[in-house]
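In mature numbering (1 follows the signal peptide of the UniProt record, and there is no 0), the protein residues as written are -19 to -1, 1 to 514.
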């Protein structure tokens, strides 16, 4: 029988493995409130046709200006609408013209264009660490996945991603930052890390917010920046050595969040998952616990999100969840040291990532003084303890399983099986194996228990309901055999010569009533004698 502590632990495990993500309408509204929106009531047919937030930027030329030149100063509008749509599945719609609420520094001949990004997706969809969307295992496979500028063109079906009628193509789009600027795929046009490239390619330039335009004019990020949540006023500088940016872009990125050392929303990915800054809710920098996509299960509820990191792919490299390979991509000189599961992901992992496994446990000669297996559901299993291997073998809490337990000669001084429901089981204790073999609380089971010559000094079977059973104790095998509490069962008990010094069979309804009546009668006689005396 499971004790209360076992039940409590089981409930904890169930809570970890079956939790749902925070994807309610209110959860969505809380995330949407972090965006610098300019449209109070969305969605709208075309974000470009709305009134936005005016930004003046003297350092942009007439070639670069995405708005109008007024008295020699570039003036443009930042436009952003983020709408939560209530329903059986909460959805979020993101509409942006791709421009920030701040100035930009680009080469005088570089063009910045107003664009139209419009997509709708399930908000924070439920995902499982046991069902990864991406599972590369080799360097070649990891590189093929991550070092591909269009690898985020397709979105997992669970996200139900759709594009707006007037939206531009989004093949390289990974998400949208809270300031409305695009977060593009982690790679440059050369399919390498933009800031720590391999293959002899040069690193790309950027402004002090670590942002820059593409050749087509799309202004974007590849790496997280504090400018997303706190846009600077006035003119910008470049990503130069003077501000500690050019020589170590990754560390500079982290420094820009010095005032945001907590769980901070910095964007939404195209698959509907939230993007957070480089710190978790406890104020710790996220340096591990993320998968190959840069996503992480970060709480006991089962929420999955992308986190800004100082290693490639920096924000998100693919749409997760992904696996945790030993291999690393070959397109960056700044890879992660290792992909590791967060503590929450580890707790949510069932049987090393496989549900309902077929398992084989073997304890060889002299290997274990105690072997314990607990709380496994729906698995065909074989447990073998070879000669002299185990002094105690215990199996508890196993439901709906086909199991075979074998203890060879002198293997176990005690073998115990408890709390098994509806299994077909065979327990065999060979010569001189067990001093005590106990089977308890087994409803609705077909069971065969055999104790060979001199195998058990005591064999006890209790509380079995509705089960065809056969119990055989050969010569000299059992000094006491007890069977109790058995209702509606077909039973055959065979005892060879000299088998039992005492055999007791009780537990039918009549026997129970008889025992009760005898006890009452004894009690009445006893009380009567006291009164007489």
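Backbone N, C-alpha and C fix where the C-beta goes; we use that ideal spot for every residue, glycine too.
- Excluding its 5 nearest sequence neighbours in each direction, residue 314 has C-beta neighbours in its own chain below 6 Å: 177 and 179, listed in chain order.
- In the same chain as residue 42, and ignoring 5 residues on each side of it, the C-beta atoms closer than 6 Å to its own belong to 89, in chain order.
- Look at residue 224 here: in three-state DSSP terms it is helix.
- Annotation for residue 35: the continuous beta strand (DSSP E) segment containing it runs 34 to 38.
- Linking residue 280 to residue 325 through their CA atoms gives a straight-line distance of about 6 Å.
- Leaving aside the five residues that flank residue 294 on each side, the residues in its chain whose CB is nearer than 7 Å to its CB run, in chain order, 127, 167 and 275.
- Residue state for residue 211 is assigned as coil, using DSSP reduced to three classes.
- Straight across, the Cα-Cα distance linking residue 3 with residue 157 is about 20 Å.
- Counting the other CB atoms within 10 Å of its CB gives residue 251 a total of 16 or more, which places it among the buried residues.
- Counting C-beta pairs with one atom in each stretch, the region 29 to 43 and the region 102 to 113 have fewer than three that are closer than 8 Å, which means they do not touch.
- Look at residue 66 here: in three-state DSSP terms it is strand.
- Between the alpha carbons of residue 226 and residue 260 lies a gap of roughly 20 Å.
- Of 72, 125, 117 and 33, the smallest CA-CA separation from residue 82 is found for 33.
- Here DSSP, grouped into helix, strand and coil, assigns residue 49 to strand.
- CA-to-CA, the gap between residue 91 and residue 201 works out to about 14 Å.
- With contacts defined by Cβ atoms closer than 8 Å, residue 164 and residue 234 do not form a contacting pair.
- Within 10 angstroms of the beta-carbon of residue 60 lie 16 or more other beta-carbons, which makes it buried.
- Taken through DSSP and simplified to helix, strand or coil, residue 8 comes out as helix.
- Among the bridge pairs identified by DSSP, residue 96 is matched with none.
- Taking all protein chains in view, the Cβ of residue 289 is crowded by 16 or more other Cβ atoms within 10 Å, so the residue is classified as buried.
- Under the DSSP assignment, residue 286 falls in the beta strand (DSSP E) whose first and last residues are 285 to 288.
- Assignment of residue 158 by DSSP, reduced to helix, strand and coil, places it in the strand class.
- Judged by DSSP secondary structure, residue 230 falls outside any beta strand (DSSP E) and instead within the alpha helix (DSSP H) spanning 230 to 236.
- When DSSP states are grouped into helix, strand and coil, residue 325 belongs to the helix group.
- In the DSSP assignment, the residues bridged to residue 144 are 100.
- Distance from residue 72 to residue 104 at the Cβ level is roughly 6 Å; contact confirmed, criterion being Cβ atoms closer than 8 Å.
- Inter-segment contact for the region 260 to 269 and the region 16 to 30 is absent: fewer than three beta-carbon pairs are separated by less than 8 Å.
- No Cβ-Cβ contact shorter than 8 Å links residue 182 with residue 207.
- Counting only runs of 3 or more residues that sit fully inside the region 285 to 317, the beta strand (DSSP E) segments are 285 to 288, in chain order.
- Taking one beta carbon from each stretch, the region 303 to 313 and the region 126 to 142 have 3 or more pairs nearer than 8 Å; the two touch.
- With contacts defined as CB atoms closer than 8 Å, residue 136 and residue 300 qualify as a contacting pair.
- Assigned with DSSP and collapsed to three states, residue 501 falls in helix.
- Taking every protein chain shown into account, the CB of residue 322 has 16 or more other CB atoms within 10 angstroms, so this residue is buried.
- In terms of CA proximity to residue 204, 238 leads the group 196, 213 and 238.
- In this structure, residue 320 places its C-beta atom within 8 Å of the C-beta atom of residue 306.
- In the DSSP assignment, residue 127 falls within the unbroken alpha helix (DSSP H) covering 120 to 127.
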